[in-house]
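Following: one structure in structure tokens, then a few remarks.
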DNA sequence: TAAAATTAAATTGCATACAATTTAATTTCT
DNA sequence: AGAAATTAAATTGTATGCAATTTAATTTTA
């Protein structure tokens, strides 16, 4: 078998699928004026209320080089608040504004809209999530 | 179930895994001075010898906005040749230079090196590729 | 305790991605 | 044939990603 053929690659379909899925999110997320990475940040904040940049990075596997400008954008949209920690000035605490909190209501229909856009069954999605998570946990070090 | 929680998302693990896998490729591809998307382009050219920008885009699901600068970079490294089609001036034909062709020898060890870097069994990788391809084909429209 | 090491963000630079538009060439249609 | 529509790349602008470095603050250590 020629391992340098695209069809024999495992990484390419994941790389491609990631972009295909983001494209499916696009029109849905346009409604709430979020990009996919911004949506992920909002999601972890809806769940945890307040997180440092580092903590957000650990959850999303993104570094400050990616997050700092992204968080500034969310802050300019008044969805989040960035403030230096009083007890440790190195840390920037990120939290939701009222607008950001309210947005969760509007966003509640997104998962279902996305699922419809994909045209996969619930079982297919669950099975995919489980198997990808297994691999992700083994490989992310 | 709260569908706005990260752990219940199917898309996030794929997005994250894609980046984790690219990171695993990084040190290996550094040896041949290619980025991961550049490696994909080289791979389709090793297989097909000559392709138009559009054809490369169809195989990799990338558009000219992404490919044009990437191909210019590969051309500046003397790995590929870009030339307008004689019969249809709209089309740019991309082919391998001798250097680009030679590179396949050096690249032949990449799949195995990557597999080792991942630490997954052949079965895990094959099964992953199969299930992701199924989903990809259903969703890429 | 003062220097050394570490840590958290931010910054800089490079390389994608992709939407939208533009340009140039070719096809289709009337 | 000539205008209209279509097509293929390139261009423009915005938004990631990430390596490497910098900056400022805190912790560790000699």
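Protein chains in written order, with UniProt numbering: chain A, 1 to 141; chain B, 1 to 141.
Cβ coordinates follow ideal geometry from the N, Cα and C atoms, glycine included.
Strictly under 9 angstroms for the Cβ-Cβ distance: is residue 119(A) near chain B by that measure? yes
### Message
Which residues of the segment 11-35 of chain B have a Cβ closer than 8 angstroms to any Cβ of chain A? Give them in chain order.
### Response
11, 12, 13, 14, 15, 16, 17, 18, 19, 20, 21, 22, 24, 25
**Q.** Short CB-CB distance (under 9 angstroms) between residue 84(B) and chain A
**A.** no
task = Can you give me the start and stop residues for the beta strand (DSSP E) that residue 26(B) sits inside?
result = Taken as a continuous stretch (DSSP letters only), residue 26(B) belongs to no beta strand (DSSP E), being part of the alpha helix (DSSP H) at 11-30.
Since residue 81(A) is in the beta strand (DSSP E), which residue starts that stretch and which ends it?
Where residue 81(A) is concerned, the enclosing beta strand (DSSP E) stretches over 80-84.
Boundaries of the alpha helix (DSSP H) in which residue 117(A) is found, first to last residue: 110-118
Taking 7 angstroms as the limit between beta carbons, can you name the residues of its chain near residue 67(A), skipping five residues before and five after?
Only 53, 56, 57 meet the Cβ criterion.
* Decide yes or no for the touch test of the segment 68-83 of chain B against the segment 94-106 of chain B: beta carbon pairs closer than 8 angstroms, at least 3 of them. => yes
Distance between residue 64(B) and residue 92(B) (C-alpha atoms, nearest Å): Just so you know, the alpha carbons of residue 92(B) and residue 64(B) end up roughly 11 angstroms apart.
Assuming the contact rule is C-beta atoms closer than 8 angstroms, residue 87(A) and residue 118(B) should be a hit. Round their C-beta distance to whole Å, please.
With a Cβ gap of about 40 angstroms, residue 87(A) and residue 118(B) do not count as contacting.
Just confirm the distance between the C-beta atoms of residue 14(B) and residue 18(A), as a whole number of angstroms; I'd bet it's less than 8 angstroms. Confirmed, Cβ separation roughly 5 angstroms.
request  = Tell whether a beta-carbon distance below 9 angstroms holds between residue 10(B) and residue 28(A).
outcome  = no
Requested in this report: Note down the Cα distance separating residue 62(B) from residue 85(A), rounded to an integer number of angstroms.
Outcome: 42 angstroms
DSSP three-state assignment for residue 93(B), whether helix, strand or coil
strand
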